[in-house]
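Asker: Below are the structure tokens for one structure; questions will follow.
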Amino acid sequence: MIGTIVNCISIISGSILGAIFKKGIKEEHKDIMLQAMGLSASVLGISSAVNSIPKSNYPVLFIISIALGGFIGQTFNLEEKVNKISEKFYKNNLIEGLCTAVLLFCVGTLSILGPLESALKGDNTLLYTNSILDGITSIVLASNFGIGIMMSSIILFLWQGLIYLSANIVEPYITMDLLNELSIIGGMLILSSGINILKIKK
3 MIGTIVNCIS IISGSILGAI FKKGIKEEHK DIMLQAMGLS ASVLGISSAV NSIPKSNYPV
63 LFIISIALGG FIGQTFNLEE KVNKISEKFY KNNLIEGLCT AVLLFCVGTL SILGPLESAL
123 KGDNTLLYTN SILDGITSIV LASNFGIGIM MSSIILFLWQ GLIYLSANIV EPYITMDLLN
183 ELSIIGGMLI LSSGINILKI KK
């Protein structure tokens, strides 16, 4: 699991660097960087969804998935429960940053195929590539939301670790169709994070 460990270390290192930079950045510059992060997340989300929808063999599945997921989340009042757990951080909008970080770090194809390649072939190339991308992203996120962004590395470790440990079982089910549907849903969720950060709609 060396590739996953490197990926987590890159997020922790990036979060520390971002938190250090945060202290020397003026508020107006933080606002601009936050807007840039929101716009970037929105564009990445749109790009992922738009590129994947034409390839889908199940054109209404993403609509059902988003609607059902929203219904379940609302039924169990998940947002309020998460906010209560992180109440002391909420003024700094850490939850917004963490949600965005987890989506960007975990939903991508690299974060799914990487642990599979590592477990089945001993090849960590995808995870090392992912580490560089995640490290840079965590610097930007932590410079806006604080060092708490490093907590996303725990979720990433659990996510990639689960895929790594169950690689022989799940590998036959990780089809291009499944990855494509994940890209649509992931793109929509990343877009929603961008809209949230830009304060267009919560």
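With our numbering as the guide, the letters of the sequence shown map in order to residues 3 to 204.
Where a beta carbon is used, it is the ideal one built from N, C-alpha and C, also for glycine.
Keep in mind it's a predicted model, so treat the numbers as computed, not measured.
Can you give the Cα-Cα distance for SER50 and GLY189, rounded to whole angstroms?
Answerer: For the purposes of this step, residue 50 is taken as residue 48 along the sequence shown, with counting starting at 1. For the purposes of this step, residue 189 is taken as residue 187 along the sequence shown, with counting starting at 1. So the alpha carbons of these two residues sit roughly 5 Å apart.
Asker: Throw me the rounded Cβ distance for the SER17 and ILE149 pair, which I believe falls under 8 Å.
Answerer: In the sequence shown, counting from the first residue as 1, residue 17 sits at position 15. In the sequence shown, counting from the first residue as 1, residue 149 sits at position 147. SER17 to ILE149, Cβ: 5 Å. Contact.
Asker: Given this structure, state the Cα-to-Cα distance separating GLY71 from ASN79, to the nearest angstrom.
Answerer: Your numbering for residue 71 matches position 69 in the sequence shown. Your numbering for residue 79 matches position 77 in the sequence shown. C-alpha separation (whole angstroms): 12 Å.
Asker: Keeping to the same chain, check which residues put their C-beta closer than 6 Å to that of SER12; ignore five residues upstream and five downstream.
Answerer: Here the question's residue 12 lines up with position 10 in the sequence shown. Taken in chain order, the residues that qualify are SER133, ASP136 and GLY137.
Asker: Would you report the Cα separation of TYR175 and SER15, rounded to the nearest angstrom?
Answerer: Reading the sequence shown from its first residue, position 173 is the one you call residue 175. Reading the sequence shown from its first residue, position 13 is the one you call residue 15. Going from the Cα of TYR175 to the Cα of SER15 covers about 34 Å.
Asker: Verify whether the separation of the beta carbon atoms of ALA103 and SER140 is less than 8 Å.
Answerer: Working through the sequence shown from its first residue, we reach residue 103 at position 101. Working through the sequence shown from its first residue, we reach residue 140 at position 138. Contact: yes.
Asker: From VAL142 to MET39, what does the alpha carbon distance come to, in whole angstroms?
Answerer: For the purposes of this step, residue 142 is taken as the residue at position 140 of the sequence shown. For the purposes of this step, residue 39 is taken as the residue at position 37 of the sequence shown. Rounded to the nearest angstrom, the two C-alpha atoms are 8 Å apart.
Asker: Do you know how far the Cα of LYS28 is from the Cα of SER168?
Answerer: The count along the sequence shown starts at 1 and reaches residue 168 at position 166. The count along the sequence shown starts at 1 and reaches residue 28 at position 26. Cα-Cα distance, rounded: 46 Å.
Asker: Distance check for ASN126 and PHE112, CA to CA, integer angstroms please.
Answerer: The residue labelled residue 112 in the question sits at position 110 within the sequence shown. The residue labelled residue 126 in the question sits at position 124 within the sequence shown. Correcting the residue type first, residue 112 is Leu in the shown sequence and not Phe. C-alpha separation (whole angstroms): 11 Å.
Asker: Distance check for GLY5 and SER194, CA to CA, integer angstroms please.
Answerer: Residue 194 sits at position 192 when you count from the first residue of the sequence shown. Residue 5 sits at position 3 when you count from the first residue of the sequence shown. If you take the alpha carbons of SER194 and GLY5, they lie about 29 Å apart.
Asker: Which same chain residues end up closer than 6 Å to LYS42 when comparing Cβ atoms and leaving out the 5 residues on each side of it in sequence?
Answerer: Here residue 42 refers to the residue found at position 40 of the sequence shown. Looking at the sequence shown, residue 42 is not Lys but Ser. There are no such residues.
Asker: Got a sec, what are the start and stop residues for the alpha helix (DSSP H) TYR130 sits in?
Answerer: Translated into positions along the sequence shown, residue 130 becomes position 128. Note, TYR130: alpha helix (DSSP H), 127-147.
Asker: With DSSP run on the structure shown, which of helix, strand or coil describes SER58?
Answerer: Here residue 58 corresponds to residue number 56 of the sequence shown, with the count starting at 1. Residue state, collapsed to three classes: coil.
Asker: Rounded to whole angstroms, what is the Cα-Cα separation between LEU184 and ILE199?
Answerer: Position 182 of the sequence shown holds residue 184. Position 197 of the sequence shown holds residue 199. Cα-Cα distance, rounded: 22 Å.
Asker: When the Cα of ASN53 is compared with those of LYS201, GLY196, LEU181 and LYS203, which residue comes out closest?
Answerer: What you label residue 53 is simply residue 51 of the sequence shown in a count that begins at 1. When only C-alpha atoms are compared, the closest one is LEU181.
Asker: So what's SER67 in DSSP terms, helix, strand or just coil?
Answerer: Along the sequence shown, read from residue 1 onward, the residue named residue 67 stands at position 65. Correct three-state label for SER67: helix.
Asker: Between GLY116 and LEU105, how many whole angstroms is the CB-CB distance? I'm expecting something under 8 Å.
Answerer: Residue mapping note: residue 116 aligns to position 114 of the sequence shown, counting from 1. Residue mapping note: residue 105 aligns to position 103 of the sequence shown, counting from 1. Contact doesn't hold; Cβ gap of about 16 Å is too wide.
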